[in-house]
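Take a look at the structure set out below.
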DNA sequence: ACTCTATTAGGACGATCGTCCAATTTAAGA
DNA sequence: TCTTAAATTGGACGATCGTCCTAATAGAGT
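Right under this line is the structure:
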């Protein structure tokens, strides 16, 4: 009973530390210090560091799913929901400025480490991709919904990277404005540019 | 005499390894194995691992400057030069798919490590930013040249991140097309949207 | 009060990290 | 050819890493 709570604490604190310092650069001692438990206690709850990472990713997946559901409840119109996505850049501007995007930086790191959990981390991106794609489809852009989702995902990733590098929050606001303009153009004009349609290959087979 | 060559080899191989595996995840043993020298020889040329990183960044800065100069020679019109920038996504698609953008991933990692050389790494971004800004100014967009440069930089960063995550090269081509379209619209229309002008704060003071 | 399981503490372990050094080899100049 | 500095070697070092193990403690159910 008590154990489940400390397990939860471990995952939450590890989540934060992995985000702030990166996975590899976060040691067991760091997490143990944060949670204020002995290093040995740890291995009662998790057999390895990889297992903690897996639990952290599962937590993030759950939180992300809840967030997306909340956005769907809060916003009636698809364009409002998409704006909810765009505005996370502003809502989390302080963290992004210091640590970048939690999803992007994790995926990048795990890819370089060739870590076993990189596929699960990618799933975080997939959640946003699928959700955004559905919203664009509801906007009447069924043909290129996936392209639009990827496009928006890429732009927010790029903004997060540059904000962290240049430490400039004004850039966020400016780019968010442009993304909203881009979204507005889409909703007013009834499907202007239906370029070469189709969907990008979705390699969800895992590697 | 001979020593300068091995020093060069060390920097070149370290450059590649830092890109592929990340700075922290690359050990001395890894570099020594690649260069095929003894681990001790290393410290004749560099006093620490940080010093190797500094040398690697200097090498990248030099290579980047040369590349930008080459682009300026090859392309007469500014729009052609900007296209040279956009097309690095295609030229380096294989590496980007596996390891992401060399500049973005390095800056992100050094920021999380809070490494002393993060300011120098940021300078890599600044080179592109300044160069692109100058090209946009030549296009007659003096007012918002810096915003446009940052915008394009962000978009290619985002593309690189997602390509690495999703392992999909078709996404590169599609986004490159869109960036070129965006550029064409800019050159044909004579300054359509001159929004709130100015330049983002350039924090080049270093931290 | 007692038992038994769940939980925690703290240290030992081998491996690997970045760093450093003494000894040796190489190569260039006189 | 001899001298001397440049270059290279291979191993020792302390620290830290992730992992594991045993003993101590806590708490719920009888």
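Residue numbers (UniProt numbering), protein chains in the order written: chain A, 1 to 207; chain B, 1 to 207. Quick reminder that beta carbons are idealized off the backbone N, C-alpha and C, glycines included. Only a predicted model underlies this, so the values are computations on that prediction, with no experimental measurement involved.
- In chain order, 83, 86 place their CB closer than 7 Å to the CB of residue 180 of chain A, counting only its own chain and leaving out the 5 sequence neighbours on each side.
- Here the region 164–181 of chain A lies against the region 90–104 of chain A, with 3 or more beta-carbon pairs under 8 Å apart.
- Nearest C-alpha to residue 104 of chain B among B:53, B:157, B:58: B:157.
- Burial state of residue 173 of chain A is exposed, judged by a 10 Å Cβ sphere holding fewer than 16 other Cβ atoms.
- Around the Cβ of residue 52 of chain B, a 10 Å sphere holds 16 or more other Cβ atoms; the residue is buried.
- Within chain A, no C-beta atom comes less than 9 Å from the C-beta of residue 136 of chain B; the nearest is roughly 15 Å away.
- Residue contact check for residue 55 of chain A against chain B: no CB pair falls below 8 Å.
- Taking 8 Å as the cut-off, the Cβ atoms of residue 161 of chain B and residue 161 of chain A count as close.
- Between residue 37 of chain B and residue 64 of chain B, the gap from beta carbon to beta carbon reaches 8 Å or more.
- The continuous stretches of alpha helix (DSSP H) do not include residue 143 of chain B, and DSSP gives it neither H nor E.
- Chain B places a beta carbon closer than 8 Å to that of residue 105 of chain A, counting this residue as a contact.
- If you look at residue 111 of chain A, you'll find it in the alpha helix (DSSP H) that goes 102–113.
- In the DSSP annotation of this structure, the continuous segment of the alpha helix (DSSP H) that includes residue 81 of chain A starts and ends at 78–91.
- Contact note: residue 159 of chain B reaches chain A through 154, 158, using a C-beta cutoff of 8 Å and chain order.
- A straight line joining the alpha-carbon of residue 115 of chain B with that of residue 107 of chain B spans about 10 Å.
- When B:121, B:90, B:47 are compared, the shortest CA-CA separation from residue 15 of chain B is found for B:121.
- By the Cβ neighbour-count rule, residue 22 of chain A is buried, with 16 or more other Cβ atoms within 10 Å of its own.
- Out of B:147, B:48, B:200, B:141, the CA that lies nearest to the CA of residue 188 of chain B is found in B:141.
- Taking the Cα of residue 164 of chain A as reference, the smallest distance to any Cα among B:185, B:177, B:110 is reached at B:110.
- Looking from the CA of residue 112 of chain A, the closest CA among B:10, B:25, B:136 belongs to B:25.
- For residue 5 of chain B, no Cβ of chain A is located within less than 8 Å of the residue's own Cβ.
- At a cut-off of 8 Å, the C-beta of residue 87 of chain A has no neighbouring C-beta in chain B.
- Flagged as an interface residue toward chain B: residue 162 of chain A, by a C-beta distance shorter than 8 Å.
- DSSP, reduced to helix, strand and coil, places residue 26 of chain B outside both helices and strands of the structure shown, so it counts as coil.
- Contact note: residue 42 of chain A does not reach chain B at a C-beta cutoff of 9 Å; the least C-beta distance is about 22 Å.
- Burial of residue 144 of chain B is indicated by the presence of at least 16 other C-beta atoms within 10 angstroms of its C-beta.
- The straight-line gap separating the alpha-carbon atoms of residue 183 of chain B and residue 135 of chain B is approximately 12 Å.
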